[in-house]
Amino acid sequence: MRHAGLTGTMVLVAAVVLTGCSPARLDLVAAYNGDDGKPWIMLAPCGRDDITWVSMSSRPTDPTGSAGPTASTEPTGPTEPTASPSAPSAERDSGWWSSRIDPGIRGGSLPLFEPPASWRARSHGAQRLLPGDRYGVEFYSPDDGAYYGEVSFTAEDLAGLEPGEVWAGGRAMTRSDFREHRAGRC
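Numbered by mature numbering (1 follows the signal peptide of the UniProt record, and there is no 0), the letters in the sequence shown go through residues -26 to -1, 1 to 160 in order.
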């Protein structure tokens, strides 16, 4: 009986250690179509938290049209794609990541493919939305441990948005609903 109690305790300790080391993934980024016709993102950290790192990535979805596993949970602009779904990855890939943003920012909106120069972002790839690709945006807080904000979306998700809607949490919602959604996550 002592062995069973010890085993149960070890399992509990292992579960706490394993889950305690990973930051929580929160739907705190929204994607939307800007008035300028470009895809935009809204970064919305909890409370008065700062954001110190931001990244954007893309990848083709699988041939069946469904997205595979995401590094994060993920607008569509008027740009006509020039690469076909079978084009090499380098032609289809779009992304950027910021250097450490110091001092941190409290959130805000920006065009998806135009991070501010002060972020010293490093970009790669086409820097445009392509049909069938999945885009992900993530931000991190200064301690990199409490949580990170994310959104995952496709060009098709953004094309389906009504004026005033954003894409967050895997669905379309109004900006007001996004604020409530964010409050429920923090």
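Note that the Cβ used here is the ideal one computed from N, Cα and C, for glycine as well.
Contact between residue 112 and residue 123 is confirmed by a C-beta separation of about 7 Å, below the 8 Å threshold. Around the CB of residue 96, fewer than 16 other CB atoms lie within 10 Å, so the residue is classed as exposed. Under the criterion of beta carbons closer than 8 Å, residue 72 and residue 32 do not qualify as touching, at roughly 16 Å. Of the candidates 115, -5, 92, 87, 87 places its Cα closest to the Cα of residue 103. Cβ contact annotation for residue 18 (same chain, cutoff 6 Å, sequence separation greater than five): 2, 81, 156, in chain order. Taking C-beta atoms under 8 Å as the contact rule, residue 131 and residue 34 fail to qualify, at a distance of about 15 Å.
Distances from the alpha-carbon of residue 135 to those of -1, 26, 11, -3 put 11 closest. Here residue 83 is exposed. Its C-beta has fewer than 16 other C-beta atoms within 10 Å. Here the alpha carbons of residue 22 and residue 115 stand approximately 11 Å from one another. Excluding its 5 nearest sequence neighbours in each direction, residue 92 has C-beta neighbours in its own chain below 8 Å: 75, listed in chain order. Distances from the CA of residue 139 to each of -2, -3, 8 were compared; the closest alpha carbon is that of 8.
The beta carbons of residue -3 and residue 142 sit about 16 Å from each other, so the pair does not count as a contact at 8 Å.
In this chain, the alpha helix (DSSP H) harbouring residue 159 covers 149 to 159.
As the crow flies, the alpha-carbon of residue 94 is around 31 Å from that of residue 145. Pairing residue 133 with residue 127, the inter-Cα distance amounts to about 11 Å.
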